[in-house]
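**Q** First the structure, which I've put down as structure tokens, then a few questions once you've had a look.
Rendered as structure tokens:
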């Protein structure tokens, strides 16, 4: 039963107190922070803030990274004091990390792995940097071990770090439109809404590849192995119409690397017991109570096509708000 339940969570997402921040003691200002105070925080500066944030969390020491007096911090949609939640339980950091930087708006996205009381957990967060200090922290932590491939994550797919050639890039607005087309097609899916997937597209959810993965799909049981299909094939089935609403925010655009960082809440009203796919077959749906899948993740876009989707999510109360 666990396999079936956790597998269904995968399908539903197809598609992220200690010392307080208002302490008077502040760390030494680095060269990157000095540049940002002057109104500029480039890619290296933003990545440095992400690394220092993780280091401070693992050390349980908010004072070791500069934060605004009125910094806002949420974990899994709940506003908390800096120093609480994962800040109090995080252990060792790891080398698994993906950066999404947006110097135009002074924000950085990060997806990686940390240990929490000896157990690895997935983390995905957004930081906003203003005048050399962190002013916003929006953090998703994936702790569900029933649906997680975290033990198999050794290093990120190198495609995420690859800087695109100018000829491979599209502008910010187009990137956001492409990312949003994914959610628009997933919401009450009918198999007809176009999404520009690359032929090599793959999706990773909580460390599990949920496209082009027939072995995992077979392990879930049942006769309809949608996880064996490609990104394009999955969406053409119209299977995901049980996702009744998707409340999403596209918060960062990394134009150099071709990535969009997004947060999404996928609502499932629980009143859709069966779906008929575009081949005329009818399939029972196992989720028969209202729930929301809440997460953060990114899209890798090259030449106007989605090549990768990476998400970290958790199951939340139905209708839960983003907190922003």
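Numbering (this note's numbering), first residue to last: 0 to 323. Glycine included, each C-beta is placed from N, C-alpha and C at the ideal position.
(1) Name the one or two DSSP bridge partners that residue 292 has.
(2) May I ask you to verify whether the stretch 143–160 touches the stretch 200–207, counting CB pairs closer than 8 Å and requiring at least 3?
(3) My understanding is that residue 241 touches residue 284, with C-beta atoms under 8 Å, so please give their C-beta distance in whole angstroms.
(4) So residue 48 is in the alpha helix (DSSP H); what residue range does that whole segment cover?
(5) Nearest to residue 309 by CA position, among 286, 75, 124 and 104, is which residue?
(6) Going straight from the alpha carbon of residue 178 to that of residue 105, what length do you get?
(7) Determine the closest residue to residue 143 out of 317, 287, 312 and 321, with distance taken between C-alpha atoms.
(8) At 3 residues or longer, and completely inside the stretch 74–109: list those beta strand (DSSP E) runs for me, N to C.
(9) Residues in its own chain within less than 8 Å of residue 90 by CB, not counting five upstream and five downstream?
(10) Roughly how many whole angstroms lie between the Cα atoms of residue 71 and residue 264?
(11) Which of helix, strand or coil does DSSP assign to residue 119?
(12) Are the stretch 248–264 and the stretch 187–196 touching by the rule of at least three beta carbon pairs closer than 8 Å?
(13) Report all residues from its chain with a CB closer than 6 Å to the CB of residue 188; omit the five preceding and five following residues, and keep chain order.
(14) Can the beta-carbon of residue 129 be found less than 8 Å from the beta-carbon of residue 80?
(15) Can you name, in chain order, every residue of its own chain whose Cβ lies under 6 Å from the Cβ of residue 97, other than the five neighbours on each side?
(16) I need the boundaries of the alpha helix (DSSP H) containing residue 136, first residue and last residue.
(17) Spatial neighbours of residue 297 within its chain, please: CB distance less than 6 Å, with the 5 preceding and 5 following residues excluded, ordered by chain position.
(18) When DSSP labels each residue in this structure, what does residue 112 get in the three-state scheme?
(19) Going straight from the alpha carbon of residue 184 to that of residue 276, what length do you get?
(20) I need the DSSP call for residue 125, collapsed to helix, strand or coil.
(21) Check whether the Cβ atoms of residue 78 and residue 318 lie closer than 8 Å to each other.
**A** Quick look at the numbers:
(1) Beta-bridge pairing links residue 292 to 265 and 314.
(2) Segment contact: the stretch 143–160 against the stretch 200–207, three or more CB-CB distances shorter than 8 Å; contact assigned.
(3) The distance from the Cβ of residue 241 to that of residue 284 is about 5 Å, consistent with a contact at the 8 Å cut-off.
(4) Segment 42–57, the alpha helix (DSSP H) holding residue 48.
(5) Closest option to residue 309, Cα to Cα, is 124.
(6) C-alpha separation (whole angstroms): 21 Å.
(7) Ranking 317, 287, 312 and 321 by Cα distance to residue 143 puts 312 first.
(8) Counting whole runs of 3 or more residues, the stretch 74–109 contains the beta strand (DSSP E) stretches 77–79 and 89–101.
(9) Residues 57, 113, 114, 115, 116 and 117 of the same chain have their beta carbon placed closer than 8 Å to that of residue 90, with the five preceding and five following residues left out of the count.
(10) Residue 71 and residue 264: Cα-Cα distance of roughly 20 Å.
(11) The three-state secondary structure of residue 119, taken from DSSP, is strand.
(12) Counting Cβ pairs under 8 Å, fewer than three are found: no touch.
(13) Short of 6 Å from the beta carbon of residue 188, and not among the five residues preceding or following it, lie these beta carbons of its own chain, in chain order: 237, 239 and 240.
(14) Residue 80 sits away from residue 129, with the two beta carbons spaced by 8 Å or more.
(15) Excluding residues within five positions, the ones whose Cβ falls inside 6 Å are 110, 155 and 159.
(16) No alpha helix (DSSP H) contains residue 136, which is instead part of the beta strand (DSSP E) from 132–141.
(17) Same-chain partners within the cutoff: 99, 258, 260 and 309.
(18) The answer is strand: DSSP assigns residue 112 an E or B state.
(19) One C-alpha to the other measures close to 14 Å.
(20) Three-state DSSP puts residue 125 in a strand.
(21) For residue 78 and residue 318, no; Cβs fall outside 8 Å.
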